Amino acid sequence: MNPQANLIFIASLLLGTTITISSNHWVMAWTGLEINTLAILPLISKSHHPRAIEAATKYFLTQAAASALVLFSSMTNAWHTGQWDITQLTHPTSSLILTSAIAMKLGLVPFHFWFPEVLQGSPLTTGLLLSTIMKLPPITLLYMTSPSLNPTLLTTLAILSTALGGWMGLNQTQIRKILAFSSISHLGWMAIIIIYNPKLTLLNFYLYAMMTATVFLTLNTIKVLKLSTLMTAWTKIPSLNAMLLLTLLSLAGLPPLTGFLPKWLIIQELTKQDMAPAATLISLLSLLSLFFYLRLAYCTTITLPPHTTNHMKQWRTNKSTNITIAILTTMSVMLLPISPMILTIV
Numbered sequence: 001m002n003p004q005a006n007l008i009f010i011a012s013l014l015l016g017t018t019i020t021i022s023s024n025h026w027v028m029a030w031t032g033l034e035i036n037t038l039a040i041l042p043l044i045s046k047s048h049h050p051r052a053i054e055a056a057t058k059y060f061l062t063q064a065a066a067s068a069l070v071l072f073s074s075m076t077n078a079w080h081t082g083q084w085d086i087t088q089l090t091h092p093t094s095s096l097i098l099t100s101a102i103a104m105k106l107g108l109v110p111f112h113f114w115f116p117e118v119l120q121g122s123p124l125t126t127g128l129l130l131s132t133i134m135k136l137p138p139i140t141l142l143y144m145t146s147p148s149l150n151p152t153l154l155t156t157l158a159i160l161s162t163a164l165g166g167w168m169g170l171n172q173t174q175i176r177k178i179l180a181f182s183s184i185s186h187l188g189w190m191a192i193i194i195i196y197n198p199k200l201t202l203l204n205f206y207l208y209a210m211m212t213a214t215v216f217l218t219l220n221t222i223k224v225l226k227l228s229t230l231m232t233a234w235t236k237i238p239s240l241n242a243m244l245l246l247t248l249l250s251l252a253g254l255p256p257l258t259g260f261l262p263k264w265l266i267i268q269e270l271t272k273q274d275m276a277p278a279a280t281l282i283s284l285l286s287l288l289s290l291f292f293y294l295r296l297a298y299c300t301t302i303t304l305p306p307h308t309t310n311h312m313k314q315w316r317t318n319k320s321t322n323i324t325i326a327i328l329t330t331m332s333v334m335l336l337p338i339s340p341m342i343l344t345i346v
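At the far end of the sequence shown sits residue 346, using full-length UniProt numbering, and the numbering has no gaps.
#1: Considering only the alpha carbon of each residue, which of 7, 270, 200 and 153 lies closest to residue 344?
#2: Are residue 101 and residue 154 closer than 7 Å when you measure CB to CB?
#3: Pick helix, strand or coil for residue 46, following the three-state DSSP scheme.
#4: Three or more beta-carbon pairs under 8 Å between the segment 71-81 and the segment 42-52, yes or no?
#5: Quick one: give me the first and last residue of the alpha helix (DSSP H) that residue 84 is part of.
#6: In the DSSP output, what is residue 174 paired with across the bridge?
#7: When the cut-off is 7 Å and only beta carbons count, does residue 292 lie next to chain C?
#8: Does the beta-carbon of residue 6 have 16 or more other beta-carbons within 10 angstroms, so that it is buried, or is it exposed?
#9: Opposite residue 25 in the DSSP bridges: which residues?
#10: Taking the alpha-carbon of residue 40 as reference, which of 17, 28 and 25 has the nearest alpha-carbon?
#11: Evaluate residue 118 with the Cβ neighbour count: other Cβ atoms within 10 Å of its Cβ, from every protein chain shown; 16 or more gives buried, anything less gives exposed.
#12: Anyone know if the C-beta pair for residue 97 and residue 69 falls short of 7 Å?
#13: If I'm right that residue 244 touches residue 175 with Cβ under 8 Å, what's the distance once you round it to whole angstroms?
#14: With a threshold of 16 other CB atoms inside 10 Å of the CB of residue 194, please say whether the residue is buried or exposed.
#15: For a quick check, are the C-beta atoms of residue 81 and residue 87 less than 7 Å apart?
#16: Assuming the contact rule is C-beta atoms closer than 8 Å, residue 208 and residue 249 should be a hit. Round their C-beta distance to whole Å, please.
#17: Closest to residue 150 by CA distance: which of 187, 109, 125 and 93 is it?
#18: Buried or exposed: where does residue 23 fall if 16 or more other Cβ atoms within 10 Å of its Cβ makes it buried?
#19: Per DSSP, what kind of secondary structure is residue 169 in: helix, strand or coil?
#20: Between which two residues does the alpha helix (DSSP H) containing residue 292 stretch?
#21: By alpha-carbon positions, which one of 262, 121 and 159 ends up nearest to residue 57?
#22: Am I right that residue 20 and residue 137 are in contact with their C-beta atoms under 8 Å? What's the rounded C-beta distance?
#23: Distance, Cα to Cα, residue 105 vs residue 66?
#24: Where does the unbroken alpha helix (DSSP H) through residue 264 begin, and where does it stop?
#25: Please classify residue 341 as buried or exposed, where buried requires at least 16 other C-beta atoms within 10 Å of its C-beta.
#26: Less than 7 Å between C-beta atoms, sequence neighbours within five positions excluded: which residues of the same chain meet that for residue 253?
#27: Kindly indicate which three-state DSSP category residue 244 falls into: helix, strand or coil?
#28: So what's residue 231 in DSSP terms, helix, strand or just coil?
#29: Quick check: residue 124 and residue 181, are their CB atoms within less than 7 Å of each other?
#30: For the alpha helix (DSSP H) containing residue 334, list its first residue and its last residue.
#31: Just verifying my parser: in three-state terms, what is the DSSP assignment at residue 122?
#32: Where do the ends of the alpha helix (DSSP H) carrying residue 341 lie?
#33: With a 10 Å radius around its C-beta and 16 neighbouring C-beta atoms as the bar for buried, classify residue 27 as buried or exposed.
#34: With DSSP run on the structure shown, which of helix, strand or coil describes residue 104?
#35: Under a three-way DSSP split, which group does residue 59 fall into?
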C-alpha cells in the first residue's frame, strides 16, 4: 500500500477514536465510529486476496448495522427525554438497544460470529488494530452509559462470551482465529464488571491491549500464522519465542504474571457485590481458554517437529528484536508486583 495512503488511514483511525472518546453528544460519537469503520476497511482489504475482501465486506456490514442501532437508540432516548447527552441515556428501551449495538461492535456473544472471520482475513498488523484500538470507542461508550445499563443482560452476555470464547477456540489451528476467540473471552471479563466498577473494565482493557499487541507484533516478526509453522519457528529468534511463551501465559491470567491482575480484581469486586456464583462460573469458564493458551505455549517452545518426516528448519535471522516488542513483553510479564501503584493511577 502507498505510504501516504497508509498514513491517512492511520490518522483517520486515531481521529475517529479521539472524536468518539471525547464527545458528549451522541451524533459526534456516532461520527467518530463511522470514521473508524471507513478508515480500517482499506487496511483489511489491502492484500486484494478474496479472503481479505470477504473479511472487509463482513466487517462493513456488521459495523454499519451496529452504528445504525447506536443512532436509533440515541434518537429513541432523545424522543422520550429530550437529551442528546451520552451520560443521560435513561430510557430502558434505549439502553437495551445500545447494549446490543455495542455488543455487535465489540463482538460479544451472540454477535460474535463476524470477528474470527474478519481477523482471519486480515494481515497481522491490521488484526492488532482490530483487536485493540478498534475496541476502545465502543468500550468508552459503555463506560459513559454504565449507570443506566441492565446488569442481568450484561452479566448474561459476559458469561456466554467467556464460555463460547473458550469453547470455540479449542479446536482452532489458525493463530489469528485463536486470538479472536481469546479476545471474545476477555471481553466477557470486561462486560461483567462494567456496571459495578467501570474503572476495572478500562484497566482490564489496557492490560489486554498491551498483551495482545505483544503477541501480534511477535508473530509478525517471526512471520507465523498457523500452529504447524509456530512449531518450527523457534530457530528464527529463540529468545523472542521464550518471551512469547511468558506473554501467552500472562494472557491466560496465570498468577505471577501481569494478566492475573485484572482477573484477581474483577473476582474480588464481584464477590463484594454478592455475585460469588457469577465469579465462580466465569473463573471456571476461563479454564477453557487456558487450555488453548497452553497449547499455543507448547507449540511455541517445542524444539522439534513431533513427526519423523524431514522438516525444513528456518534460518536464524540476524535482525535484532524491535525495542517496542521488548518493552511490551517486559510490561506484559512483570507488572503484577507494582499493582498497588497501577490501582492508584487508575
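Where is the CB? At the ideal position from N, CA and C, for every residue including glycine. Note that the structure is a prediction, hence the values are computed from the model and not measured.
Result, derived from the coordinates:
#1: As a working mapping, residue 344 is identified with position 344 in the sequence shown. Closest option to residue 344, Cα to Cα, is 200.
#2: For the purposes of this step, residue 101 is identified with residue 101 of the sequence shown, where counting begins at 1. For the purposes of this step, residue 154 is identified with residue 154 of the sequence shown, where counting begins at 1. Result no, Cβ atoms of residue 101 and residue 154 do not sit closer than 7 Å.
#3: Translated into positions along the sequence shown, residue 46 becomes position 46. In this structure, residue 46 counts as coil in the three-state DSSP scheme.
#4: no
#5: Stepping through the sequence shown from its first residue, residue 84 is reached at position 84. That residue, residue 84, is in no alpha helix (DSSP H); it is neither H nor E in DSSP.
#6: Along the sequence shown, read from residue 1 onward, the residue named residue 174 stands at position 174. According to DSSP, residue 174 bridges with 226.
#7: Of the chains in the structure shown, none is chain C; there is only one protein chain.
#8: Taking the sequence shown and counting its residues from 1, the one referred to as residue 6 is at position 6. So residue 6 ends up on the exposed side.
#9: The residue you call residue 25 lines up with position 25 of the sequence shown. Beta-bridge pairing links residue 25 to 85.
#10: The sequence position of residue 40 within the sequence shown is 40, counting from 1. Nearest of 17, 28 and 25 to residue 40, Cα basis: 17.
#11: By one-based count along the sequence shown, residue 118 stands at place 118. Residue 118 comes out buried.
#12: Indexing the sequence shown from 1 puts residue 97 at position 97. Indexing the sequence shown from 1 puts residue 69 at position 69. Yes, the Cβ-Cβ distance between residue 97 and residue 69 is below 7 Å.
#13: Locating residue 244 in the sequence shown gives position 244, counting from the first residue. Locating residue 175 in the sequence shown gives position 175, counting from the first residue. In fact, because the Cβ distance is near 11 Å, the residues do not count as touching under 8 Å.
#14: Residue numbering aside, residue 194 sits at position 194 when the sequence shown is read from its first letter. The residue is buried, with at least 16 neighbouring Cβ atoms inside 10 Å.
#15: Reading the sequence shown from its first residue, position 81 is the one you call residue 81. Reading the sequence shown from its first residue, position 87 is the one you call residue 87. Result no, Cβ atoms of residue 81 and residue 87 do not sit closer than 7 Å.
#16: Here the question's residue 208 lines up with position 208 in the sequence shown. Here the question's residue 249 lines up with position 249 in the sequence shown. For residue 208 against residue 249, the beta-carbon gap comes to about 14 Å, at or over 8 Å, which does not count as contact.
#17: By one-based count along the sequence shown, residue 150 stands at place 150. Of the candidates 187, 109, 125 and 93, the one whose C-alpha sits nearest the C-alpha of residue 150 is 93.
#18: Along the sequence shown, one-based indexing puts residue 23 at 23. Its Cβ being crowded by 16 or more others within 10 Å, residue 23 is buried.
#19: For this step, residue 169 is matched to residue 169 along the sequence shown. If DSSP states are grouped into helix, strand and coil, residue 169 belongs with coil.
#20: Here residue 292 refers to the residue found at position 292 of the sequence shown. Counting along the chain, the alpha helix (DSSP H) containing residue 292 begins and ends at 276-301.
#21: As a first step, residue 57 must be located in the sequence shown, where it is residue number 57. Nearest option by C-alpha distance: 121.
#22: Your numbering for residue 20 matches position 20 in the sequence shown. Your numbering for residue 137 matches position 137 in the sequence shown. 4 Å between Cβ atoms; contact.
#23: The residue you call residue 105 lines up with position 105 of the sequence shown. The residue you call residue 66 lines up with position 66 of the sequence shown. Going by the C-alpha atoms only, they are around 6 Å apart.
#24: Counted from its first residue, the sequence shown places residue 264 at position 264. Its alpha helix (DSSP H) spans residues 260-272.
#25: Start at 1 with the first residue of the sequence shown, and residue 341 comes out as number 341. Label assigned to residue 341: exposed.
#26: Position 253 of the sequence shown, counted from the first residue, corresponds to residue 253. Contacts found: 259, 260, 263 and 286.
#27: Here the question's residue 244 lines up with position 244 in the sequence shown. Under the three-state reduction of DSSP output, residue 244 falls in the helix class.
#28: The residue you call residue 231 lines up with position 231 of the sequence shown. Three-state result, residue 231: helix.
#29: Stepping through the sequence shown from its first residue, residue 124 is reached at position 124. Stepping through the sequence shown from its first residue, residue 181 is reached at position 181. The answer is no: Cβ separation not under 7 Å.
#30: The residue you call residue 334 lines up with position 334 of the sequence shown. Per DSSP, residue 334 belongs to the alpha helix (DSSP H) from 323-334.
#31: Taking the first residue of the sequence shown as position 1, residue 122 is located at position 122. In the structure shown, residue 122 sits in coil (DSSP, three-state: anything other than H, G, I, E or B).
#32: As a first step, residue 341 is located in the sequence shown; it is residue number 341 there, counting from the start. Judged by DSSP secondary structure, residue 341 falls within the alpha helix (DSSP H) whose first and last residues are 339-345.
#33: Within the sequence shown, the letter at position 27 stands for residue 27. Exposed is the call here.
#34: Taking the sequence shown and counting its residues from 1, the one referred to as residue 104 is at position 104. If DSSP states are grouped into helix, strand and coil, residue 104 belongs with the helices.
#35: Position 59 of the sequence shown, counting from 1, holds the residue named residue 59. In the structure shown, residue 59 sits in a helix (DSSP, three-state: H, G or I).
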